[in-house]
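Enquirer:
Number of protein chains: 2
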Amino acid sequence: MEAKDNLRQLIQMFSTFEENELDRIENCFKTRIFKKNTVLLASDEVCKTFYFINRGCLRTYFITKEGHEKTRYIMMEPSIGTALTSFISQRPSFEFIDALEESEVLAISRTDFYRLADEIPAWKNFYLKIMEMAYSFQNRKIESLVTLSAKERYEQLIRENPKVVQRVSNKILASYLDIKQETLSRLKSR
Amino acid sequence: MEAKDNLRQLIQMFSTFEENELDRIENCFKTRIFKKNTVLLASDEVCKTFYFINRGCLRTYFITKEGHEKTRYIMMEPSIGTALTSFISQRPSFEFIDALEESEVLAISRTDFYRLADEIPAWKNFYLKIMEMAYSFQNRKIESLVTLSAKERYEQLIRENPKVVQRVSNKILASYLDIKQETLSRLKSR
DNA sequence: AAAAAACATTGACCTGGATCAAAAAATCAC
DNA sequence: GTGATTTTTTGATCCAGGTCAATGTTTTTT
Numbered sequence: 001m002e003a004k005d006n007l008r009q010l011i012q013m014f015s016t017f018e019e020n021e022l023d024r025i026e027n028c029f030k031t032r033i034f035k036k037n038t039v040l041l042a043s044d045e046v047c048k049t050f051y052f053i054n055r056g057c058l059r060t061y062f063i064t065k066e067g068h069e070k071t072r073y074i075m076m077e078p079s080i081g082t083a084l085t086s087f088i089s090q091r092p093s094f095e096f097i098d099a100l101e102e103s104e105v106l107a108i109s110r111t112d113f114y115r116l117a118d119e120i121p122a123w124k125n126f127y128l129k130i131m132e133m134a135y136s137f138q139n140r141k142i143e144s145l146v147t148l149s150a151k152e153r154y155e156q157l158i159r160e161n162p163k164v165v166q167r168v169s170n171k172i173l174a175s176y177l178d179i180k181q182e183t184l185s186r187l188k189s190r
Numbered sequence: 001m002e003a004k005d006n007l008r009q010l011i012q013m014f015s016t017f018e019e020n021e022l023d024r025i026e027n028c029f030k031t032r033i034f035k036k037n038t039v040l041l042a043s044d045e046v047c048k049t050f051y052f053i054n055r056g057c058l059r060t061y062f063i064t065k066e067g068h069e070k071t072r073y074i075m076m077e078p079s080i081g082t083a084l085t086s087f088i089s090q091r092p093s094f095e096f097i098d099a100l101e102e103s104e105v106l107a108i109s110r111t112d113f114y115r116l117a118d119e120i121p122a123w124k125n126f127y128l129k130i131m132e133m134a135y136s137f138q139n140r141k142i143e144s145l146v147t148l149s150a151k152e153r154y155e156q157l158i159r160e161n162p163k164v165v166q167r168v169s170n171k172i173l174a175s176y177l178d179i180k181q182e183t184l185s186r187l188k189s190r
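Below, the structure written as structure tokens:
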């Protein structure tokens, strides 16, 4: 099956698995399809699912007390992710997850995810790698926020993630870059 | 020995160890004392050490192309840390580590750190917990940067980490909060 | 304890990006 | 396909926090 093959391929980039471990892991994932704009996790809910995106695009974001959306992370196929803070702590999430396009994902429950971590050492390494990457990603984001202008952040995104710029609306891109939609529009015309 | 007892106490807050494991771990750490302003890691060096701060205060920071310091993290006793991105990847660090006060630390080499992770499951869990915490911390920092004003970030720091505000110079605090020293000075007088 | 260096404060001024408002263009729903 | 909703663009204005410069104050060095 197409989606599960893609999953196998991706997780093997992070850690080394036996065939039977891959079978075991694969069986924990269930296919789900979400229509555009579906909310997979609302704020105040506890995040109990980890996603592999096989087709489409999800994002995590939160809403400020002034009512503005701030996008933390955009997941475009093939990739993985979830509302990590809540997934880890099992406290209510301040983040939302929603689908920016119709998306086909493979989902694993937190219970299964952690069971795998206890029972398959390579899966614990996989988890560790994910955390390392997530950390580095956030670190990089802070670096961009504190050293680059709005325009430079936009140019960096075009350079490093042109697919996202092509497929995602300016409204969402702006919220990802932490600038206003109006500003982004002006940046592009300059 | 005082410092090593403090180390034992701290790591047991993250994971559960046997006595003999603790002995083993403890033996990997060497005591070092750094004078104020000592640079423990310069940018472009590869970070090969992880620190437990038993007394004093270290920080990680980087320098922008305009020559401004940006402080990422302040470690005040008792705590742990290092220039994580380089420590993980073993690529040259863009971050520096230096001592904000005369500090007594226990240091473990990356080689020993990873050997322990392979040989003591509880240490791998410890590492995972650290990564989870580091991730959450960075996430929180981004949230503060994108939702709070300079004044609100300063007030949050006073609220959540008053010790740091007392012991660290305004120059460093400002670079931690991503504001200018002059602005911080004005905030305080308002 | 004096000189030097680093740090903190205060003032005047400037600017990148936000805000508010309204029109134009694209997308969606039936 | 057409009306409704959402997104994008453009204009006018504002302001938090930066910059530059000068003066105090504290810390370090000798």
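Protein chains in written order, with UniProt numbering: chain A, 1 to 190; chain B, 1 to 190. Note that beta-carbon positions come from the ideal geometry of N, C-alpha and C, so glycine has one too.
#1: Hey, is Y61(B)'s beta-carbon within less than 8 Å of any beta-carbon in chain A?
#2: Are the region 97–108 of chain B and the region 29–36 of chain B touching, with three or more C-beta to C-beta distances below 8 Å?
#3: Where does the unbroken beta strand (DSSP E) through C47(B) begin, and where does it stop?
#4: Is the region 139–157 of chain B in contact with the region 77–93 of chain B, if contact means three or more CB pairs nearer than 8 Å?
#5: Taking 8 Å as the threshold (beta carbon to beta carbon), is residue 192(A) in contact with chain B?
#6: CA-CA distance, G81(B) and C47(B)?
#7: What residues match up with V39(B) in a beta bridge as DSSP calls it?
#8: Would the region 6–26 of chain B and the region 118–129 of chain B be scored as touching if the rule is three or more Cβ pairs under 8 Å?
#9: Out of F94(B), E45(B), F52(B), M76(B), which has the shortest C-alpha to C-alpha gap to T64(B)?
#10: What three-state label does DSSP hand A3(A) in the structure shown?
#11: Do R32(A) and A134(A) have their CB atoms nearer than 8 Å?
#12: Of all the residues that make up the region 114–147 of chain B, which are near chain A by a beta-carbon distance shorter than 8 Å?
#13: What does I97(A) touch in chain B if you count any residue whose Cβ is under 8 Å from its own?
#14: DSSP three-state label for N170(B), please.
#15: So, for S175(B): in the same chain, excluding its five sequence neighbours on each side, which residues have a beta-carbon less than 7 Å away from its beta-carbon?
#16: Is the beta carbon of E26(A) closer than 8 Å to that of K4(A)?
#17: Counting only Cβ pairs nearer than 8 Å, list the residues of chain A close to D44(B).
#18: Please check if any C-beta of chain A sits within less than 8 Å of the C-beta of K48(B).
#19: Any idea what DSSP makes of N161(A), helix, strand or coil?
#20: What is the residue span of the alpha helix (DSSP H) that M76(A) lies within?
#21: What is the DSSP secondary structure of S109(A), reduced to helix, strand or coil?
#22: Enumerate in chain order the residues of its own chain whose CB-to-CB distance from R110(B) is below 8 Å, with the five nearest sequence positions on each side excluded.
#23: For K30(A), name the three-state secondary structure that DSSP assigns.
#24: On the DSSP letters alone, give me the boundaries of the beta strand (DSSP E) that F126(A) sits inside.
#25: Am I right that V146(B) and I74(B) are in contact with their C-beta atoms under 8 Å? What's the rounded C-beta distance?
#26: Taking P78(B) as the reference, which of K163(B), L173(B), A117(B) has the closest Cα?
#27: May I ask you to report which of helix, strand or coil DSSP gives T85(B)?
#28: Could you check whether the Cβ of T64(A) sits closer than 8 Å to any Cβ belonging to chain B?
#29: Terminal residues of the continuous beta strand (DSSP E) containing T60(A)?
#30: Specify the secondary structure class of E155(B) as computed by DSSP and reduced to three states.
#31: Residues of chain A with a CB under 7 Å from the CB of D178(B): which are they?
#32: Mind checking which residues open and close the alpha helix (DSSP H) that includes E182(B)?
#33: Using a Cβ-Cβ distance under 8 Å, would residue 209(B) count as near chain A?
Expert: In brief:
#1: It does not: the Cβ of Y61(B) has no partner Cβ on chain A nearer than 8 Å.
#2: Taking a cut-off of 8 Å for Cβ pairs, the region 97–108 of chain B and the region 29–36 of chain B touch, as three or more such pairs fall below it.
#3: Looking at the DSSP string, C47(B) is not in any beta strand (DSSP E), and its letter there is neither H nor E.
#4: Between the region 139–157 of chain B and the region 77–93 of chain B, the count of Cβ pairs shorter than 8 Å is below three; the stretches do not touch.
#5: Residue 192(A) lies beyond the residue range present for chain A, which begins at 1 and ends at 190; the question has no answer from this structure.
#6: Rounded to the nearest whole angstrom, the C-alpha separation of G81(B) and C47(B) is 11 Å.
#7: Beta-bridge annotation (DSSP): V39(B) is paired with D98(B).
#8: Cβ pair count under 8 Å is three or more, so yes.
#9: Looking at the Cα atoms, F94(B) is the closest of the given residues.
#10: Reduced to three states, the DSSP call for A3(A) is helix.
#11: Between R32(A) and A134(A), the C-beta gap is not smaller than 8 Å, which leaves the two residues out of contact.
#12: So the list reads K124, Y127, L128, M131, E132, A134, Y135, S136, Q138, N139, K141, I142, E143, L145, V146, T147, given in the order they occur along the chain.
#13: In chain order: nothing, as chain B lies at least about 15 Å away.
#14: Of the three classes helix, strand and coil, the one that applies to N170(B) here is helix, per DSSP.
#15: Counting only Cβ-Cβ distances below 7 Å, and skipping sequence neighbours, we find Y61, E69, K70, T71.
#16: It is a contact, given that the beta carbons lie within the stated cut-off.
#17: Near D44(B) there are no residues of chain A at all, since even the closest Cβ is about 16 Å away, more than 8 Å.
#18: Judged by the 8 Å Cβ criterion, K48(B) is not in contact with chain A.
#19: Looking at N161(A) - three-state DSSP - the assignment turns out to be coil, as it is neither helix nor strand.
#20: Element bounds for M76(A): not the alpha helix (DSSP H) but the beta strand (DSSP E), 69–76.
#21: It is a strand residue.
#22: Excluding sequence neighbours, R110(B) sits near C47, K48, T49, F50, F87, Q90.
#23: Three-state DSSP puts K30(A) in a strand.
#24: It is not in any beta strand (DSSP E) - F126(A) instead sits in the alpha helix (DSSP H) that spans 121–147.
#25: Cβ-Cβ separation between V146(B) and I74(B): approximately 21 Å, too far for a contact (criterion under 8 Å).
#26: If we check each option's Cα against that of P78(B), K163(B) comes out closest.
#27: DSSP places T85(B) within a helical segment (H, G or I) once states are collapsed to three.
#28: At least one chain B Cβ lies under 8 Å of T64(A).
#29: That run of the beta strand (DSSP E) goes 57–63.
#30: Three-state result, E155(B): helix.
#31: Listed along chain A, the residues sitting closer than 7 Å to D178(B) by beta-carbon distance are V146.
#32: It spans 181–188 - the alpha helix (DSSP H) in which E182(B) sits, taken as one unbroken run.
#33: Chain B is shown from 1 up to 190; residue 209(B) falls before or after that span and cannot be answered.
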